[in-house]
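Sequence positions in the sequence shown follow the numbering used here and run 539 to 844.
Beta carbons are placed, not taken as given, at the ideal position from N, Cα and C, and that holds for glycine.
Following: one structure in structure tokens, then a few remarks.
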Amino acid sequence: MVQIPVLLKKGMDLRPCLRLYHPAARRIGLLLIPRGIGSCVYQLNVFISSALASFGSIVGEGGVAALYYANRIFQLPMAVFGISIATAAFPQMSIHAARNDMEKLKSTLLFSLRAVLFITIPASIGLMVLGREITHVLFERGAFNSYSTGITSSALFYYSMGLFAFTGVNLIVTVFYSLQDTMTPVKTAAFALIINVVLSLLLMNPLKIGGLALASSISSMINFSMLFMLLRKRIGNLGGMKLLDSFVRILLSSLIMGAACLILSQNKIAGLAVSIPAGIAAFLLASFIFRVQETKELLLWLLKRR
């Protein structure tokens, strides 16, 4: 709305036009339908997990609330960093796709995936190690007691395993959208939904509420793998070995960070106020030792911003 006066001053004709028979309008409509179905599949996923969590005799009392609160914590790094990266990369990838420049499209995707790895892997390890302490600080008061903290942190632990996959799916889906293919992500999401239901039924008894979260993580990993392979088949090599190299180096750095957080978290005086900054420092130091390229790129970017 703010931009409308500026556009009018530039002489643009902004009168409403309902030419739904126009080829471009029909094309957009056909592309939007699968996207809407994809959103429904995601909501159905959430609904099924919540429905299964309501079986207190199997997963324990308070399962629905535990999944909800764990999801809120888990969504934070994904929303702040992961989805932001996907949103920023989408226009550039759309331009490359429109120009049929697949090499630049693949280069942008690889860079974005490596950036997602750099954020989500240490975030996953951090949430797995400090999940109970984070849940305690954020929510434990009133009716939310130590039992609630326990089952919520259990769900958070298993959700965190799939953080990269959840975020990576959002990124690869934008590549398919830039290629004007909105149907493939729906098909893989529907298959992942079936996997999620089957795994939830298998894991909810031995792992309780954690089993439902683990089922979601595994199904998301499968969804990411399918999308990655289908995209590679369509546009060629996506730099999988380079991505794997980054993954191993970042994982090793993250494990050192996790060990530092675990040691410091045993000291109640230190708590999260010391554990988190120390963990970040340990990760950055380890990433230099293991020559994580993304760390150098981040520092160079920060220096250019000054």
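Beta-carbon separation (whole angstroms), residue i vs residue j, contact threshold 8 angstroms
i, j, result
"Ile710", "Leu769", "6 angstroms"
"Ile672", "Leu810", "7 angstroms"
"Asn583", "Leu731", "5 angstroms"
"Leu802", "Val812", "6 angstroms"
"Phe695", "Met666", "5 angstroms"
"Val707", "Leu614", "Not quite, the Cβ-Cβ distance comes to about 17 angstroms (not below 8 angstroms), so this is no contact."
"Ile659", "Ser792", "5 angstroms"
Alpha-carbon spacing of residue i relative to residue j, whole angstroms
i, j, result
"Ile760", "Lys548", "49 angstroms"
"Val675", "Gly664", "15 angstroms"
"Ser588", "Leu838", "44 angstroms"
"Gly669", "Ala591", "20 angstroms"
"Pro723", "Phe729", "10 angstroms"
"Thr705", "Phe649", "14 angstroms"
"Ser784", "Ser738", "31 angstroms"
"Arg652", "Ser595", "42 angstroms"
"Met742", "Tyr697", "14 angstroms"
"Val654", "Phe702", "7 angstroms"
"Leu717", "Ser632", "7 angstroms"
"Leu647", "Ala626", "11 angstroms"
"Pro543", "Met550", "10 angstroms"
"Gly778", "Gly700", "19 angstroms"
"Ser757", "Leu546", "49 angstroms"
"Phe762", "Ala727", "9 angstroms"
"Gln831", "Gly598", "44 angstroms"
"Gln581", "Arg610", "15 angstroms"
"Asp639", "Tyr715", "15 angstroms"
"Met748", "Tyr685", "First, the amino acid is wrong: residue 748 is Gly here, not Met. Computed Cα separation, rounded: 14 angstroms."
First and last residue of the uninterrupted alpha helix (DSSP H) at residue i
i, result
"Ser592", "Unbroken run through Ser592: none, as it is neither H nor E."
"Asn609", "601-615"
"Arg637", "Here Arg637 belongs to no alpha helix (DSSP H), and DSSP marks it neither H nor E."
Per-residue DSSP class, three states only, for residue i
i, result
"Leu776", "coil"
"Thr720", "coil"
"Asn683", "coil"
"Asn734", "helix"
"Phe828", "coil"
"Asp783", "helix"
"Met795", "helix"
"Lys834", "helix"
"Gln581", "helix"
"Met550", "coil"
Residue i at chain B interface by Cβ criterion, 8 angstroms
i, result
"Ser691", "As a matter of chain content, chain B is missing from the structure shown, which is built from one protein chain."
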